[in-house]
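Trainee:
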Amino acid sequence: MTHHLSLAGARSLHLAAQGLLAPPRKKAAKADVLAAIERMALLQIDTIQVVARSPYLVLFSRLGSYDPAWLEQTLAEGAIYEYWAHEACFVPTRDYGLLRHRMLDPSGMGWKFSARWMETHGAEINALLAHVRERGPVRSADFERRNEGKGTAKSAGWWDWKPEKRHLELLFTTGRLMVAERRNFQRVYDLAERVLPHWDDRRDLPTVEAAQAQMVRRSCRALGLVKAGWVADYYRLKRGKYDAALHALADTGELTPVRVEGWKHDAFVHADLAPWLAQAEAGELSSTVNTLLSPFDPVVWDRKRAVELFDFDYRLECYTPAEKRKYGYFVLPILSRGKLVGRLDAKAHRKQGVFEVKALYLEPGLRTSQRLIGDIALAVRRCAAWHGTPTISVGHAPAAVTAALKT
232 MTHHLSLAGA RSLHLAAQGL LAPPRKKAAK ADVLAAIERM ALLQIDTIQV VARSPYLVLF
292 SRLGSYDPAW LEQTLAEGAI YEYWAHEACF VPTRDYGLLR HRMLDPSGMG WKFSARWMET
352 HGAEINALLA HVRERGPVRS ADFERRNEGK GTAKSAGWWD WKPEKRHLEL LFTTGRLMVA
412 ERRNFQRVYD LAERVLPHWD DRRDLPTVEA AQAQMVRRSC RALGLVKAGW VADYYRLKRG
472 KYDAALHALA DTGELTPVRV EGWKHDAFVH ADLAPWLAQA EAGELSSTVN TLLSPFDPVV
532 WDRKRAVELF DFDYRLECYT PAEKRKYGYF VLPILSRGKL VGRLDAKAHR KQGVFEVKAL
592 YLEPGLRTSQ RLIGDIALAV RRCAAWHGTP TISVGHAPAA VTAALKT
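For the sequence shown, the numbering used here gives the first residue as 232, with consecutive numbering after it.
1) Going by the DSSP bridge assignment, what does H235 pair with across the sheet?
2) What does a CB cutoff of less than 8 Å around V264 pick up in its chain, not counting 5 residues either side in sequence?
3) Taking the CB atoms as reference points, tell me whether T522 and S285 lie closer together than 9 Å.
4) Between the alpha carbons of L359 and P488, how many angstroms are there, rounded?
5) Kindly provide the ranges of any beta strand (DSSP E) runs that are 3 or more residues long and lie completely inside the stretch 468–556, ordered along the chain.
6) Considering only residues of the same chain and omitting the five flanking positions on each side of H580, which have a CB-CB separation below 8 Å?
7) Counting only runs of 3+ residues fully inside the stretch 594–631, write out the beta strand (DSSP E) ranges in chain order.
8) At a threshold of 8 Å, does L252 count as lining the ligand HEM (C-beta to nearest heavy atom)?
9) Which ranges does the alpha helix (DSSP H) cover as unbroken runs of at least 4 residues, wholly within the stretch 268–350, from first to last along the chain?
10) Looking only at its chain, what residues have a beta carbon closer than 7 Å to the beta carbon of G484, apart from the 5 residues adjacent to it on each side?
11) For M232, count the other beta carbons within 10 Å of its own beta carbon; 16 or more makes it buried, fewer makes it exposed. Which is it?
12) In whole angstroms, what separates the C-alpha of A316 from that of Y473?
13) Between K393, R366, L636, which lies nearest to E375 when the distance is taken from Cα to Cα?
14) What are the residues that DSSP puts in a beta bridge with M409?
15) Would you mind sorting G455 into buried or exposed? The rule is 16 or more other CB atoms within 10 Å of its CB.
16) Quick check: Y420 and V500, are their CB atoms within less than 9 Å of each other?
17) Taking the CB atoms as reference points, tell me whether M334 and T405 lie closer together than 9 Å.
18) If you check the beta carbons only, do Q275 and F527 fall under 9 Å apart?
19) Need the endpoints of the alpha helix (DSSP H) that G460 sits in, please.
20) Alpha helix (DSSP H) containing K396: first to last residue?
21) Can you give me the Cβ contacts of L547 inside the same chain, cut-off strictly under 7 Å, excluding the 5 residues immediately before and after it?
22) Per DSSP, K570 forms a beta bridge with which residues?
23) Ends of the alpha helix (DSSP H) at L454?
24) From A590 to D576, what does the alpha carbon distance come to, in whole angstroms?
25) Output yes or no for whether 9 Å exceeds the beta carbon distance between L436 and G328.
26) Please list the terminal residues of the continuous alpha helix (DSSP H) segment that includes A358.
27) Could you work out which residue in W461, K469, A513 is closest to S243 when comparing CA atoms only?
28) Contact check, T599 vs R568 under 8 Å by CB: the rounded distance?
29) Taking Cβ positions, are L477 and L468 nearer each other than 9 Å?
30) Who pairs with F586 in a beta bridge, going by DSSP?
31) Reducing DSSP to helix, strand and coil, say where L246 ends up.
32) For G573, count neighbouring C-beta atoms within 10 Å of its own C-beta (all shown protein chains included) and say buried if the count is 16 or more, exposed if not.
33) How is the alpha helix (DSSP H) around R434 delimited, first residue to last?
34) Closest to A537 by CA distance: which of R556, W461, S624 is it?
35) Quick one, which of H234, A241, A616, L236 has its alpha-carbon nearest V530's?
36) Short check: CB of Y550 to CB of R534, under 9 Å?
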């Protein structure tokens, strides 16, 4: 039996799976951090903190006001670990085996691994590994940057890192070192066997095929519904056709085939979401969440998916030259009751306690209402309050939004 969904129902199913169906009913607790990451399967890491660093903001969108220190505590306690999943991500430790093959054979990891660097600097890398083994965890900051007569050192990406930083990152990519904790969001590296003392490749490592199949399952569960073209993106699996894999899972009952209005291709819903699927098909599932999203939120990080599901064409412009930006440096999508209704270019001035709304844009053709304006203003105020920046300054924004934010 093939189920039929409206586009609104498909959106609601996606948001439900992502933990964005309804606002939290109770005050957040530390355990909610791990639960949210397990629901999403992974939490992308980024260090830009114009508003808040992305992983903190993704959790805020789902948990409401919470203590960001809980994320670092969850990492230090070993419930999550860091590795290259979608990109650099926090991943539940239960899923360590899914990514272990990338560590054992990093040849396909692109810029994240350099066999030539490993070969050229093998003695130094082994010495660094011995240093960690004998003296304990280290940070990149523990090693002075050497300016080799080339003028003032400044960051220009991976190839401008100091040698020790490159060594640490290569040892991280190959799984010899893991991130034991973060201090002021800086990675603290330790031996993998000390971070995960109970792991044994000979006993615990799944086959490559089994690991990939499980990543496909995790993607289906986290996304709510999937098309074949979406599957590779979530864990950065090899590009290819996943139609056969999805149909095979449907044959075993793990996935349910669905048809979405306006879509030509098959879509599938994980069996765990059957109650939500029934509600969505009946038109009884709808998101009531009003919040700001990180540019690295799973809801929007796949540009094609955001267009197909939300008719929202989103591109992060922080890597675009300033004169070519359309909306701003670090623009936050605005989610309101199941729709992406606008974009917020903001900056949190923590010392001054000011949340600066540089610009707020509503989507073209959006039908505004007093309720929508109120919802947007409430979402901005809640985010500002969580930051400890309760004073809101407004630059460019629709008059109605500006008035609502000033009341």
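For each residue, glycine too, the CB sits at the ideal point set by N, CA and C.
Mentor: Considering the structure as presented:
1) R490
2) L290, L294, Y297, W301, L302, T305
3) Taking 9 Å as the cut-off, the beta carbon of T522 is found no closer than this to the beta carbon of S285.
4) 52 Å
5) 486–491, 498–501, 521–523
6) F586, E587, T620
7) 622–627
8) The model depicted lacks the ligand HEM and carries no ligand whatsoever.
9) The stretch 268–350 contains these whole alpha helix (DSSP H) runs: 285–294, 300–307, 327–335.
10) A502
11) exposed
12) If you take the alpha carbons of A316 and Y473, they lie about 18 Å apart.
13) K393
14) D421
15) buried
16) no
17) Result yes, Cβ atoms of M334 and T405 sit closer than 9 Å.
18) yes
19) 459–465
20) Here the alpha helix (DSSP H) through K396 covers 394–404.
21) P526
22) S567
23) 439–454
24) 5 Å
25) yes
26) 353–366
27) A513
28) 13 Å between Cβ atoms; not a contact.
29) no
30) Beta-bridge pairing links F586 to A579, I623.
31) helix
32) Buried, because 16 or more other Cβ atoms sit within 10 Å of the Cβ of G573.
33) 432–435
34) A537 has its Cα closest to that of W461, out of R556, W461, S624.
35) A241
36) Contact annotation: Y550 and R534 have beta-carbon atoms that are not nearer than 9 Å.
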